[in-house]
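Visitor:
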Amino acid sequence: MSKTIIVSNRLPVKIQTEDDKLVYKPSSGGLATGLGSIYKEGDNLWIGWPGLEIKEEKTQTEVAEHLKEESMRPVFLTAEEIKDFYEGFSNETLWPCFHYFNEYVVYEQSLYEAYEQVNTKFAEAIIEHAEPGDTLWIHDYQLLLVPQMVREKLPKISIGFFLHIPFPSYEVFRLLPWRKQLLQGMLGADLLGFHTYDDMRHFLSSVSRLVGHSNLHGKIQLGDRKIIVDSFPMGIDYEKYANSAASPETIRREVRYRTHLGDQKLILSIDRLDYSKGINKRLQAFEQFLEDYPEYHEKVSLVMVVVPSRDQVPKYKRLKEEIDELTGRINGNFGRIAWTPIHYFYRSFPLEALSAFYRMADVALVTPLRDGMNLVCKEFIASKLDKRGVLILSEMAGASKELSDAILINPNDVNKLVESLKRGLEMPEDEQIRHMSIMQASLKRYNIHHWVNLFMDRLEEIKLEQEAMATLRLDDESEKQMLAHYHSSHERLIFLDYDGTLSPFFDDPKDAMPDKELKEILATLGTMPDNRVIVISGRDRKTLENWLGELPVDLICEHGVWLRQQGKDWNTIEFLTNNWKSEILKVLELYVDRTPGSFIEEKDYSLVWHYRKVETGLGELRTRELTSHLKYITTNMGLQVLEGDMVLEIKSLEVNKGRGAQKWLSEFDHDFVFAVGDDETDEDMFRMMPDDAYTFKVGRTNSEAKFNLKNHQKVRRLLRKMAGMPEKEAAIQKISNHAG
Ligand code: GDG
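Residue 107 in this note's numbering sits at position 109 of the sequence shown, and the numbers go up by one each step.
(1) Buried or exposed: where does residue 7 fall if 16 or more other Cβ atoms within 10 Å of its Cβ makes it buried?
(2) Apart from the five residues on each side of it in sequence, which residues of its chain come closer than 8 Å, Cβ to Cβ, to residue 11?
(3) Name the DSSP bridge partner or partners of residue 115?
(4) Within the chosen definition, does the stretch 222 to 239 reach the stretch 180 to 190 through at least 3 CB pairs nearer than 8 Å?
(5) Around the Cβ of residue 1, are there at least 16 other Cβ atoms within 10 angstroms (buried) or fewer (exposed)?
(6) Use the C-beta contact count for residue 197: other C-beta atoms within 10 angstroms, 16 or more gives buried, fewer gives exposed.
(7) Return the CA-CA distance between residue 85 and residue 273, expressed in angstroms with no decimal places.
(8) Pick out whichever of 264, 456, 356, 702 has its Cα sitting closest to the Cα of residue 217.
(9) Is residue 720 helix, strand or coil by DSSP?
(10) Please state whether DSSP places residue 632 in a helix, a strand or coil.
(11) When you compare the stretch 284 to 303 with the stretch 384 to 401, are there three or more beta-carbon pairs, one atom per stretch, that lie closer than 8 Å?
(12) Do you know offhand how far residue 535's Cα is from residue 554's?
(13) State the Cα-Cα distance for the pair residue 209 and residue 447, rounded to the nearest angstrom.
(14) If you follow the alpha helix (DSSP H) that residue 397 is part of, which residue opens it and which one closes it?
(15) Work out the CA separation of residue 633 and residue 640 for me, nearest whole Å.
(16) Please state whether DSSP places residue 585 in a helix, a strand or coil.
(17) Across which residues does DSSP place residue 200 in a beta bridge pair?
(18) Are residue 450 and residue 32 touching if we call contact CB-CB under 8 Å?
(19) Whose CA, out of 267, 347, 346, 608, lies closest to the CA of residue 504?
(20) Let me know the beta strand (DSSP E) ranges lying completely inside the stretch 122 to 152, each 3 residues or longer, listed in chain order.
(21) Given the structure, does residue 394 come close to the ligand GDG, in the sense that its CB is under 7 Å from one of the ligand's heavy atoms?
(22) What whole-angstrom Cβ distance do residue 383 and residue 362 have, given they're in contact under 8 Å?
(23) Is residue 193 near residue 231, with beta carbons less than 8 Å apart?
(24) Skipping 5 residues on each side, what residues in its chain have a beta carbon closer than 8 Å to that of residue 583?
(25) To which residues of the same chain is residue 177 closer than 8 Å at the C-beta, ignoring the five residues directly before and after it?
(26) DSSP has residue 641 in a bridge; who is on the other side?
(27) I want to know whether the stretch 332 to 340 touches the stretch 116 to 124 - three or more CB-CB distances under 8 Å.
(28) For residue 268, verify whether its CB is less than 7 Å away from any heavy atom of the ligand GDG.
(29) Please name the residue in 126, 713, 14 whose C-alpha comes closest to that of residue 497.
(30) Identify every residue that forms a DSSP beta bridge with residue 46.
(31) Do residue 551 and residue 532 come within 8 Å of each other at the CB atom, strictly closer than that value?
(32) Assuming residue 483 contacts residue 670 under a Cβ cut-off of 8 Å, what Cβ separation, rounded to an integer in Å, is found between them?
(33) Should residue 53 go down as buried or exposed, given a rule of 16 or more other Cβ atoms within 10 Å for buried?
(34) Given the structure, does residue 369 come close to the ligand GDG, in the sense that its CB is under 7 Å from one of the ligand's heavy atoms?
(35) Please state whether DSSP places residue 263 in a helix, a strand or coil.
(36) Examine the Cβ distances between the stretch 417 to 427 and the stretch 279 to 295 and report whether three or more of them are shorter than 8 Å.
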């Protein structure tokens, strides 16, 4: 039976040494809770690092045995790997870069090599446990290379990947020397999930600019694999926090804390120690608040929990010192015997203590400078059983996209923060309840289980879609049948599109002239007595005549404006006019002026706007503008606007490849019809073909054609077979054997 394997840097377990013995505690993190329902089922597994260095092989075996019972498979890391892969490349290169702290990024090749090595280790562990048909869900920035590493060994396996931290803008991501490798690593997945639409947009833009894969509505076609990129805002285990807020232990704690704090209003701040969380700015704002509003002295306190994290890293050590200093200064300057402005805790608390803080807080101050999502603000909302309380939330946290009922602030704007604090502390209760109810309803619905289900369902959908596409591929059996039909027939019509079908695309369309192999194929195929080969293209007739005029093929140019049978003169469709051209030309020239790299091609009966050489993104933007502009002005002109591969073509409605092909189909008897093409304009040709025709779409987009061929090389391979020519590799081999 197929299984699901979760992979993350850390396993959902805490292992500690107590009295020389290992003690295992389940992790209570959001991810562990959300995925708990999955990895414990059936044969499912969770693969990851157990969170501490274990040197002795005997202990490793013992740990592995213990974790096996819990459906976990450990990947052990050496002290050096922990230092270079985890503390180094993950936390000193990727973390600051992805959180826009460029000045903190360490660029060091040796750290990247350690990252690659540990990612290989994870990939090997996956390969050891995975079987065809399994589903993998890989998590976070420590494992960006793993999807592709697994894909190479298990090409068919279903892989989902989720990034828990922000994906930075292209302008920032491009600074990394290993940017291409990282993207290619991620692209090994079938589904790539991010917290927000912005993260996904940034990722898609980097993929397009750095590795050259464009996307259509978040779908990237990579060879014959379609990848989906989407946003899945992560939720929390709502019930867990709501229940904990109501538990007797939480209430007992609240009563205890209240006795010490008095009836002051409370502002709450909870974070892991990290420069991305904006703790300093928050303290500055609180300091200014106390300066600006002395009437709040002794009336309000800040409860600040900072959970120790990465404090071996120098930057984090410094940050801790700064926080200590600032807190000391504020308490020193403003404190009174009976009032401590900031209650500062540098440690972690049990869940019930957190819940008590959440319950007691009048205002939660969640002001990260950058945060993938931020779960603390969601937990605060879920804990507010009486719906009283105000959330002040940074726009830079992914959660702000969902929680528009919070007071949203820019964490760098200290004045605004101070003002928001005052507003929050003074917000009327009915307004608090109104906002809180809306946010609670949303978080209840989009909880962690919803998030897990949504992601897994989407991954399954993609796999099904990929399988459906795979059935279109010309398999050996269908190819054999087609060739048998071909050999037994005597009146064959073979329609071949040119660009993208017989020849690859070039930046300059003039460079796509036929090479030696193509000429040989067309000559051989065209000379066979039972064949009539027709090259049917959007190209102008001069070019096609120059390139293919000497070969034994018929030509249909400009999508059917010009037609020529071998040995005869050019023919054209009657009643075609060109009097629309000057008006459209003016519009196109306007767009060329505004779009460096674009140019106009004038054909006898059509105009083409090319944007292959235009800056990525700008070309697509201009095409959308131009298309709607042209569609508007051509409404009553009998013209059509066609989008091709990096081109926009305007021509008479009377002209299309289907009509061109129709002339051959009606004029010549046929017992075998073959048609191949790659773009939208070829669809007209496919539609015109008889039912028993063999129609092929080059590339993997939806089509009227029956089969797919991957690229122009696959087209040539098939045509060589029809022409009875040896396979290309075999031909080369033969020549070299002969020469030898
Ligand atoms: C990364 C992304 C994204 C905190 N103090 C205590 C404690 N916590 C728990 C909170 C919360 C978790 O830690 C912190 O989660 P965040 O989401 O706020 O931040 P990161 O750890 O940076 O997480 C982040 C997240 O991944 C998920 O995708 O939201 O943007 O950076 O659950 O409750 N828990 C306990 N004691 C504490 O003292 N027990």
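We treat Cβ as the ideally placed atom computed from N, Cα and C, and that holds for glycine.
Guide: Considering the structure as presented:
(1) Residue environment: residue 7 is assigned as buried (16 or more neighbouring CB atoms within 10 Å of its CB, all protein chains considered).
(2) Excluding its 5 nearest sequence neighbours in each direction, residue 11 has C-beta neighbours in its own chain below 8 Å: 22, 23, 24, 25, 48, 49, 65, 68, 70, listed in chain order.
(3) Note: residue 115 sits in no beta bridge, so no partner.
(4) With a cut-off of 8 Å, the stretch 180 to 190 and the stretch 222 to 239 count as touching, because enough Cβ pairs lie within range.
(5) With 16 or more other Cβ atoms from the protein chains shown falling within 10 Å of its own Cβ, residue 1 counts as buried.
(6) Classification of residue 197: buried, given that the 10 Å Cβ count is 16 or more.
(7) Just so you know, the alpha carbons of residue 85 and residue 273 end up roughly 15 Å apart.
(8) Of 264, 456, 356, 702, the residue nearest in Cα terms is 456.
(9) Three-state result, residue 720: helix.
(10) In the three-state reduction of the DSSP assignment, residue 632 falls in the coil class.
(11) No: the two stretches stay apart, fewer than three of their Cβ pairs being nearer than 8 Å.
(12) For residue 535 and residue 554, the distance between alpha carbons rounds to 6 Å.
(13) Rounded to whole angstroms, residue 209 to residue 447 spans 34 Å at the Cα level.
(14) Where residue 397 is concerned, there is no enclosing alpha helix (DSSP H), given that its DSSP letter is neither H nor E.
(15) C-alpha separation (whole angstroms): 14 Å.
(16) Three-state DSSP puts residue 585 in a helix.
(17) In the DSSP output, where bridge partners are listed per residue, residue 200 has none listed.
(18) It is a contact, given that the beta carbons lie within the stated cut-off.
(19) Closest in alpha carbon position to residue 504, among 267, 347, 346, 608, is 608.
(20) Taking only runs of at least 3 residues, the beta strand (DSSP E) segments lying wholly in the stretch 122 to 152 are 133 to 137.
(21) Remark: the C-beta of residue 394 is outside contact range of the ligand GDG, defined as less than 7 Å to any heavy atom.
(22) At roughly 15 Å, the Cβ-Cβ gap does not stay under 8 Å, so residue 383 and residue 362 are not in contact.
(23) Against a cut-off of 8 Å, the Cβ pair of residue 231 and residue 193 comes out as a contact.
(24) Once the five neighbours on either side are set aside, the close Cβ partners of residue 583 are 598, 600, 605.
(25) Here the set comprises 171, 204, 208.
(26) Paired residue(s): 646.
(27) Taking 8 Å as the limit for Cβ pairs, the verdict is that the stretch 116 to 124 does not touch the stretch 332 to 340.
(28) Proximity of the beta carbon of residue 268 to the ligand GDG is indicated: a heavy atom of the ligand is located closer than 7 Å.
(29) Nearest option by C-alpha distance: 713.
(30) According to DSSP, residue 46 bridges with 72.
(31) Remark: C-beta atoms of residue 532 and residue 551 approach each other more closely than 8 Å.
(32) In this structure residue 483 is in contact with residue 670, their Cβ atoms being roughly 6 Å apart against a cut-off of 8 Å.
(33) Around the CB of residue 53, fewer than 16 other CB atoms lie within 10 Å, so the residue is classed as exposed.
(34) Yes, the beta carbon of residue 369 sits closer than 7 Å to at least one heavy atom of the ligand GDG.
(35) Residue state, collapsed to three classes: strand.
(36) In this structure the stretch 417 to 427 touches the stretch 279 to 295; the number of beta carbon pairs closer than 8 Å is three or more.
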